[in-house]
Amino acid sequence: MTLRRNLTAEERAIVEQQEQQEHTARQLREQVSRFRATFSLVALQDRLPLRFPTADPTPEAHPFRARSWYTYPGGAALAAPQYLAVLSPFYVALQLVDFAPLRVELVALTGIHLNAPGETLFDPVSLFLCCLLRWEKGLGWKALAQLLAGPEGDCWRRQFGFQEGGTPAAATMRHFYHALGEAFATDLCPRFILLLGSAGLLPQHSTHAATPPEQGLPLAVDGMLHEAHSTMRCSQVTARCYERTSPDHPRPCPAQEAGQEGCACTDEACAAACVFVNRKQSHLLIEKRTTGVLG
892 MTLRRNLTAE ERAIVEQQEQ QEHTARQLRE QVSRFRATFS LVALQDRLPL RFPTADPTPE
952 AHPFRARSWY TYPGGAALAA PQYLAVLSPF YVALQLVDFA PLRVELVALT GIHLNAPGET
1012 LFDPVSLFLC CLLRWEKGLG WKALAQLLAG PEGDCWRRQF GFQEGGTPAA ATMRHFYHAL
1072 GEAFATDLCP RFILLLGSAG LLPQHSTHAA TPPEQGLPLA VDGMLHEAHS TMRCSQVTAR
1132 CYERTSPDHP RPCPAQEAGQ EGCACTDEAC AAACVFVNRK QSHLLIEKRT TGVLG
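For the sequence shown, the positions run 892 to 1186 when the working numbering is used.
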């Protein structure tokens, strides 16, 4: 059974208001003067390079035998504003961030034996950047290997420290990624937020007047709150429909009170909650992956 009803004039007005308030993340960022002032190229120039945070206090490793070697490329590519509109966010990040401090930690995480007999390995920082590129482009390992080895991969080879004709195979990158394990997604990648904080680019607490300073800084990363996806089976569901019912304490039915068929909630299936409610968290909000807003 599916119960439907037309929206009232008040509800239509609320929907129209919400639609008018929807903005893309880019539009929202453009409205925040602090964001424009903090992250403009002029403001960042004196801070470059932003050093990627590392959990290993050991100084950067001495050069060792490797088939590639990453070095910070510098921010010269950002000097031409006409190119910024076509550069990907990841490529821009490569001009801002120095990933070399990660080398010692990546060696430890992956168990690489430096200067050991046998095949010469790739610089782990080069391979880490390959993993980030795969994540951004949504490619498989084979497609990523073909991209890096082909003509279109020339710019990435230069950024990652590879030589033409000396790029890693799909199996090499896959093995490195799995050697990192959960650290890639749960530890290394989230450090981009720590990078902004250590560079003094994030305030210590929210600048919103309604947020107490002691609550820290709220961040929305690739997310906006929206109602969870569901298939509505009853248009009159309220919080009461999620309450337990019993013969001594029957659950009232909002649909029947509104003159619709509704549900008597006398069956055992309705004991914990009415069978017509959405059991997949319809009364909650979930986070949807869209373009993030940092504000």
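Every residue, glycine too, gets a C-beta built ideally from N, C-alpha and C.
### Query
If you scan the region 1038 to 1080 from start to end, which runs of the alpha helix (DSSP H) of 4 or more residues do you find wholly inside it?
DSSP runs (the alpha helix (DSSP H)) wholly in the region 1038 to 1080: 1045 to 1051, 1061 to 1071.
### Query
Opposite R942 in the DSSP bridges: which residues?
Indexing the sequence shown from 1 puts residue 942 at position 51. Listed as beta-bridge partners of R942 by DSSP are D989.
### Query
Is it buried or exposed for T949, if we count other Cβ within 10 angstroms and need 16 for buried?
As a position in the sequence shown, residue 949 is number 58, starting the count at 1. With fewer than 16 other Cβ atoms within 10 Å, it is exposed.
### Message
Check for me: the alpha helix (DSSP H) holding G1088 runs from which residue to which?
### Response
To locate residue 1088, count along the sequence shown from 1; it is residue 197. Its alpha helix (DSSP H) spans residues 1082 to 1089.
### Task
Have a look at W1047 and S1097 and give me their C-alpha separation to the nearest angstrom.
Looking up residue 1047 in the sequence shown gives position 156. Looking up residue 1097 in the sequence shown gives position 206. Distance between the alpha carbons of W1047 and S1097: 37 Å.
### Message
Just to confirm my understanding: we take T1136, look at its own chain, exclude 5 residues before and 5 after, and list those with CB closer than 7 Å. What are they?
### Response
Walking along the sequence shown from the start, residue 1136 turns up at place 245. Taken in chain order, the residues that qualify are R1142, C1156, C1161, A1162.
### Task
Could you check the C-alpha separation between V1016 and F1051 for me, to the nearest Å?
Position 125 of the sequence shown holds residue 1016. Position 160 of the sequence shown holds residue 1051. V1016 and F1051: Cα-Cα distance of roughly 8 Å.
### Message
Could you tell me the alpha carbon to alpha carbon distance between I1084 and G1091, rounded to whole angstroms?
### Response
Counting from one through the sequence shown, the residue named residue 1084 turns up at place 193. Counting from one through the sequence shown, the residue named residue 1091 turns up at place 200. Each residue's alpha carbon lies about 11 Å from the other.
### Query
Leaving out the 5 sequence neighbours to the left and right, which residues in its chain are closer than 6 Å to Q918 when beta-carbon positions are compared?
Against the sequence shown, residue 918 aligns to sequence position 27. Contacts found: none.
### Query
Does the distance from the C-beta atom of A968 to that of Y961 stay below 8 Å?
Counting from one through the sequence shown, the residue named residue 968 turns up at place 77. Counting from one through the sequence shown, the residue named residue 961 turns up at place 70. The answer is no: Cβ separation not under 8 Å.
### Query
Closest by CA to T1129, which one among A1146, D1139, Q1037?
Here residue 1129 corresponds to residue number 238 of the sequence shown, with the count starting at 1. Sorting A1146, D1139, Q1037 by C-alpha distance to the C-alpha of T1129 places A1146 at the top.
### Task
Could you check how far apart the C-beta atoms of W1188 and A1061 are, in whole angstroms? I think they sit under 8 Å.
The structure shown does not extend to residue 1188, since the chain is modelled only from 892 through 1186, so no value can be given for it.
### Query
How about F946 and E996: do their beta carbons lie closer than 8 Å?
Position 55 of the sequence shown, counting from 1, holds the residue named residue 946. Position 105 of the sequence shown, counting from 1, holds the residue named residue 996. Looking at the sequence provided, one finds Ala at residue 946 rather than Phe. In this structure, E996 lies closer than 8 Å to A946 by Cβ.
### Query
Just checking my contact of C1165 with C1132 at CB under 8 Å: how many whole Å lie between their CB atoms?
Here residue 1165 corresponds to residue number 274 of the sequence shown, with the count starting at 1. Here residue 1132 corresponds to residue number 241 of the sequence shown, with the count starting at 1. Indeed, because the Cβ distance is near 4 Å, the residues count as touching under 8 Å.
### Message
Taking the straight line between their C-alpha atoms, what separation do you get for F926 and P964?
### Response
Against the sequence shown, residue 926 aligns to sequence position 35. Against the sequence shown, residue 964 aligns to sequence position 73. Going by the C-alpha atoms only, they are around 25 Å apart.
### Task
Using alpha carbons as the reference points, say which of P1094, S1126, P944, V923 lies closest to V1168.
If you number the sequence shown from 1, residue 1168 lands on position 277. For the options P1094, S1126, P944, V923, the alpha carbon positioned closest to that of V1168 is the one of S1126.
### For S1137, the three-state DSSP class (helix, strand or coil)
Taking the sequence shown and counting its residues from 1, the one referred to as residue 1137 is at position 246. Residue state, collapsed to three classes: coil.
### Message
With the cut-off set at 8 Å, would you say F1053 and S959 are in Cβ contact?
### Response
To locate residue 1053, count along the sequence shown from 1; it is residue 162. To locate residue 959, count along the sequence shown from 1; it is residue 68. Yes; because the gap between Cβ atoms is below 8 Å, this pair is in contact.
### Task
Give the secondary structure of F1013 by DSSP, where H, G and I count as helix, E and B as strand, and everything else as coil.
The count along the sequence shown starts at 1 and reaches residue 1013 at position 122. In the displayed model, F1013 falls within coil according to three-state DSSP, outside both helix and strand.
#### Entry: Buried versus exposed, by CB contacts within 10 Å (16 or more), H1117
Along the sequence shown, read from residue 1 onward, the residue named residue 1117 stands at position 226. Here H1117 scores only 43 on pLDDT, less than 50, and its place in the model is too uncertain to base an answer on.
### Beta-carbon proximity check, L1020 vs F1067, cutoff 8 Å
Translated into the one-based positions of the sequence shown, residue 1020 becomes position 129. Translated into the one-based positions of the sequence shown, residue 1067 becomes position 176. Result no, Cβ atoms of L1020 and F1067 do not sit closer than 8 Å.
### Query
Between the beta-carbon of L941 and the beta-carbon of L1086, is there less than 8 Å?
Within the sequence shown, residue 941 is the residue found at index 50, counting from 1. Within the sequence shown, residue 1086 is the residue found at index 195, counting from 1. Yes, they are a contact pair.
### Message
My output table needs one value for A1155: the three-state DSSP class, helix, strand or coil.
### Response
Looking up residue 1155 in the sequence shown gives position 264. DSSP places A1155 in coil when its eight states are reduced to three.
### Task
Please report the Cβ distance between T1011 and R956, rounded to the nearest whole angstrom; I am assuming they are in contact, meaning their Cβ atoms lie under 8 Å.
Here residue 1011 corresponds to residue number 120 of the sequence shown, with the count starting at 1. Here residue 956 corresponds to residue number 65 of the sequence shown, with the count starting at 1. 6 Å between Cβ atoms; contact.
### Task
From the DSSP output, in three-state form, read off P954 for me.
Your numbering for residue 954 matches position 63 in the sequence shown. In this structure, P954 counts as coil in the three-state DSSP scheme.
#### Entry: Endpoints, the alpha helix (DSSP H) within which P1145 is located
Looking up residue 1145 in the sequence shown gives position 254. Per DSSP, P1145 belongs to the alpha helix (DSSP H) from 1145 to 1148.
### Query
How big is the Cα-Cα spacing for E1134 and L932?
Position 243 of the sequence shown holds residue 1134. Position 41 of the sequence shown holds residue 932. Near 55 Å, if we compare the C-alpha coordinates of L932 and E1134.
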